[in-house]
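Input: a single structure, listed below in structure tokens.
Number of protein chains: 2
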Amino acid sequence: MRVSAKADYAVRAAAELAAAGDEGPVKGERLADAQDIPLQFLEHILLELKHHGIVRARRGAKGGYWLARPADEVTIAEIVRAVEGPIAHVQSSPPEDIEYRGNAEHLQQVWIAVRASLRNVLEEVTLADLVSGELPGIVGELTARPDAWVAR
Amino acid sequence: MRVSAKADYAVRAAAELAAAGDEGPVKGERLADAQDIPLQFLEHILLELKHHGIVRARRGAKGGYWLARPADEVTIAEIVRAVEGPIAHVQSSPPEDIEYRGNAEHLQQVWIAVRASLRNVLEEVTLADLVSGELPGIVGELTARPDAWVAR
DNA sequence: GCACTCCTGACCAAGAAGGTCAGGAAAGTC
DNA sequence: GACTTTCCTGACCTTCTTGGTCAGGAGTGC
Numbered sequence: 003m004r005v006s007a008k009a010d011y012a013v014r015a016a017a018e019l020a021a022a023g024d025e026g027p028v029k030g031e032r033l034a035d036a037q038d039i040p041l042q043f044l045e046h047i048l049l050e051l052k053h054h055g056i057v058r059a060r061r062g063a064k065g066g067y068w069l070a071r072p073a074d075e076v077t078i079a080e081i082v083r084a085v086e087g088p089i090a091h092v093q094s095s096p097p098e099d100i101e102y103r104g105n106a107e108h109l110q111q112v113w114i115a116v117r118a119s120l121r122n123v124l125e126e127v128t129l130a131d132l133v134s135g136e137l138p139g140i141v142g143e144l145t146a147r148p149d150a151w152v153a154r
Numbered sequence: 003m004r005v006s007a008k009a010d011y012a013v014r015a016a017a018e019l020a021a022a023g024d025e026g027p028v029k030g031e032r033l034a035d036a037q038d039i040p041l042q043f044l045e046h047i048l049l050e051l052k053h054h055g056i057v058r059a060r061r062g063a064k065g066g067y068w069l070a071r072p073a074d075e076v077t078i079a080e081i082v083r084a085v086e087g088p089i090a091h092v093q094s095s096p097p098e099d100i101e102y103r104g105n106a107e108h109l110q111q112v113w114i115a116v117r118a119s120l121r122n123v124l125e126e127v128t129l130a131d132l133v134s135g136e137l138p139g140i141v142g143e144l145t146a147r148p149d150a151w152v153a154r
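Quick mapping for you: the protein sequence lines, in order, are chains A and B. When you read off a place in the first sequence, starting at 1, and then add 2, the result is the number in our numbering. When you read off a place in the second sequence, starting at 1, and then add 2, the result is the number in our numbering.
If you want it as structure tokens, here you go:
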């Protein structure tokens, strides 16, 4: 139930691309500098994003990366899935495929709810929201209570 | 963003203990059989639960495991934390400790919201809820929409 | 004393996490 | 056409995690 460095890096780099808008391709090095990410590691991540159709790229002088779609059509969920795989799998299978027996019968519903609650956040927030800081209502609601900000 | 086998096993074993109630200690073997969990692996998991004060145990004939507290006072969140560590850490740190720069500045809020939404489910559901099948309202709401049950 | 059951640490194979390195392949510039 | 720039790709590396197994020790009850 943790967020990997890769996913965090991927979202941060994508945010930079979203902010760059249509000012032309952005070099990997600039992304790495802006977000303090190891360049060579970032290049692998950007390649994955490209393979998933989230980003495009061109080589050579004047080359670089840009978003394949408008920033308000790319969600955080997509980016996380591209680099981490499916969200909230249990034992490497989707929760709807698992059969629970005996007294754990209803556990499936709990894991489904867990996945749904993650999707409620990650599929709502777009790169445009992230860059502008105007996050969807659900985020505001969830972060409003002070105890959302403390560890347990 | 996945649920490990260990966490899944831990919750299932705890559910069996909750269902056993006060009928005395339950042997590890019975838990393993009931939930189809490798016995020796389960013993390690139960030991962790014991160290976290969730379960108690006694050795010898008539020995076994039982819940340290009433089933309606033990949440799924506790069990997951006991075996997997903190929920929704980013790059191994709690999201409130991370400083985001540039265009990723608001990403912190998103990860905080992610954690809060997980807590909303995992801290609400108790072992008593799980065994009885009377899950809290939030679970019902989240699993009501059909697309909560399909993969993406 | 003996059977039973938990307790504990060591070990293990495979994979993921978080990178680094070296070179190749396009694209643009002169 | 040569050269520079930047992405593209695969190989490699170290450390940690996952999902276990094995062997033996230590309480507990009869």
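C-beta: ideal position from N, C-alpha, C; glycine also.
Membership of B/A17 in the alpha helix (DSSP H) is indicated by the continuous run 7-22. A/R83 and A/E125 have their C-alpha atoms roughly 11 Å apart. Taking CB atoms only, B/Y67 has no neighbour in chain A less than 9 Å away. According to the DSSP assignment, B/A59 belongs to the beta strand (DSSP E) that extends over 57-60.
Taking a contact to require three or more Cβ pairs closer than 8 Å, the region 9-23 of chain A and the region 35-47 of chain A qualify as touching. Around the CB of A/V152, fewer than 16 other CB atoms lie within 10 Å, so the residue is classed as exposed. Residues of the region 82-108 of chain A with a C-beta less than 9 Å from any C-beta of chain B: V82, R83, E86, G87, P88, I89, A90, H91, V92, Q93, S94, P96, P97, E98, D99, I100, Y102, R103, G104, N105, A106, E107, H108, listed in chain order. Contact between the region 19-28 of chain B and the region 60-74 of chain B is established, with three or more Cβ pairs separated by less than 8 Å. Setting aside the 5 residues that flank it on each side, B/V127 is surrounded in the same chain by T77, I78, L137, P138, V141, each with a C-beta closer than 7 Å to its C-beta; the list follows chain order. By the neighbour-count criterion, in which 16 or more other beta carbons inside 10 Å mark a residue as buried, A/L48 falls on the buried side.
Of all alpha-carbon atoms in B/P88, B/Q42, B/A7, the one lying nearest the alpha-carbon of A/V5 is that of B/P88. Nearest to A/L109 by alpha-carbon distance, out of B/L109, B/E101, B/L129, is B/L129. Residue contact check for B/V127 against chain A: a CB pair falls below 9 Å. B/G26 and B/G135 have their alpha carbons spaced roughly 23 Å apart. For B/L124, the enclosing alpha helix (DSSP H) stretches over residues 109-124. DSSP places A/G142 in the uninterrupted alpha helix (DSSP H) bounded by 139-146. Across the region 137-148 of chain A, CB contacts with chain B closer than 8 Å involve L137, I140, V141, L144, T145, R147, in sequence order along the chain. A/W68 has its alpha-carbon roughly 48 Å from the corresponding atom of B/L44. Using a Cβ-Cβ cut-off of 9 Å, B/G135 counts as an interface residue toward chain A, since at least one Cβ of chain A sits closer than that to its own.
Contact note: B/L120 reaches chain A through M3, V116, S119, L120, using a C-beta cutoff of 9 Å and chain order. Residue-level contact check: B/R14 touches chain A, since one or more beta carbons of chain A fall below 9 Å from its beta carbon. For the region 28-58 of chain A, the residues whose beta carbon sits under 9 Å from a beta carbon of chain B are, in order, A36, Q37, D38. As a beta-bridge residue in DSSP terms, A/V92 pairs with A/S95, B/V5. When Cβ-Cβ separations below 9 Å define contact, A/D10 makes contact with chain B. Contact check for A/I114 against B/L132 fails: the beta carbons are separated by 9 Å or more. Ranking A/V116, A/G104, A/E86, A/A12 by CA distance to the CA of A/P97 puts A/V116 first. A/A9 is positioned such that its CB atom lies closer than 9 Å to that of A/I81.
Assignment of A/G104 by DSSP, reduced to helix, strand and coil, places it in the helix class. Among the residues facing chain B, A/R60 is not included, as its CB has no counterpart in that chain under 9 Å away.
Residues of chain B with a Cβ closer than 9 Å to the Cβ of A/V76 do not exist, since the nearest Cβ in that chain sits about 14 Å away.
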